[in-house]
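When you number the sequence shown by this note's numbering, it's gap-free, plus one each residue, and the end is 559. Some notes on the structure that comes next.
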Amino acid sequence: METKTVETQHAPIRYLEGGSGEPLVFLHGAGGMTADDPLLAELASRFHVYAPFLPGYGESEECGSLRDMLDFALHGWDVVEALGLKNPILVGHSMGGMIAAEMAALAPNDVSRLVLICPAGLWMDDHPIVDMFSLLPFEMPKYLFHDPEAGAAMMTSGLKMDDPNFLQTYLVRNARQLGMAGKLLFPIPERGLAERLYRVKAKTVIVWGESDKLIPPIYGPAFQSAIAGAQLVNVPEAGHMIIAEKPGEVARAVETVA
């Protein structure tokens, strides 16, 4: 994946680009992304992938003028327009899925294919979503991965969770990223999306890891019932970070909307 820059109304945005074929825009979750992410490699083997870093992530500048969900959804469309794309496949993971769903509801005639991977955005009092802002680094793997031990190794590149070399980088990056994510996810990841999902006209596939302990899999059927004709794909032995644990299965699910 090659890193490039595109200018938008609010700020220059860095993005990753790679692959060939139909255009696909991938929106990452609160944990960010890197050029080495397994799902991006899988998608780039099938599509022409554009993966913008949200403001405050990667090398993209922070942007104080983006304040609420409407701002971020419109910013998403600004990025699509700046990239010169028409009707790309729109794919989002977690917080990125929340933004992608809002984009599809806001402009239902501008996106015909939508993939939501363990998306945030809905809330059930009987099934609360874990408060990620309260978690310490060592607590994250058990909520994010089906295999917490393997997940911790992915997060730390093989270092221990209490290794100062890992902690310093993680905490600084996390503080910057979650400052942006908090605008959409804090105190709970709910900004009225449930009242807007009926507007989505896109052919939609929802993908969920059956071992997701951050956003319970019961939210999958809730999204499915709210979006007309949506298909739900449940993947065993995968947690919230299904994009790292089962990238091939996710990419095959994306192909079903192509």
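We treat Cβ as the ideally placed atom computed from N, Cα and C, and that holds for glycine.
Problem set entry | Per-residue DSSP class, three states only, for TRP570 | Here the chain comprises residues numbered 302 to 559, so residue 570 is not present and cannot be evaluated.
For this session: Taking GLU546 as the reference, give the member of LEU375, GLU343, GLU496 with the closest Cα.
Result: GLU343
Problem set entry | Neighbourhood of GLU360 by C-beta, 6 Å cutoff - its chain only, sequence neighbours within 5 removed | Closer than 6 Å at Cβ, skipping near neighbours: ARG315.
Exercise. If you draw a straight line from the alpha carbon of GLY540 to that of SER512, how long is it in whole angstroms?
Worked result: When rounded, the distance between both Cα atoms is 4 Å.
For this session: Measure the alpha-carbon distance for HIS329 versus LEU498 and round it to whole angstroms.
Result: C-alpha separation (whole angstroms): 20 Å.
Exercise. Touching or not, the region 505-522 and the region 404-419, by the rule of three or more beta carbon pairs under 8 Å?
Worked result: yes
Problem set entry | Helix, strand or coil at GLU556 [DSSP, three-state] | helix
Exercise. Using the beta-carbon count (16 or more within 10 Å), is ILE489 buried or exposed?
Worked result: exposed
For this session: Compute the Euclidean distance between the alpha carbons of ASP432 and GLU382, then round it to the nearest angstrom.
Result: 34 Å
For this session: Using DSSP bridges, identify the partner residues of GLY393.
Result: LEU328, LEU417
Problem set entry | Runs of beta strand (DSSP E) lying entirely within the region 470-520, each at least 3 residues, in chain order | 504-510
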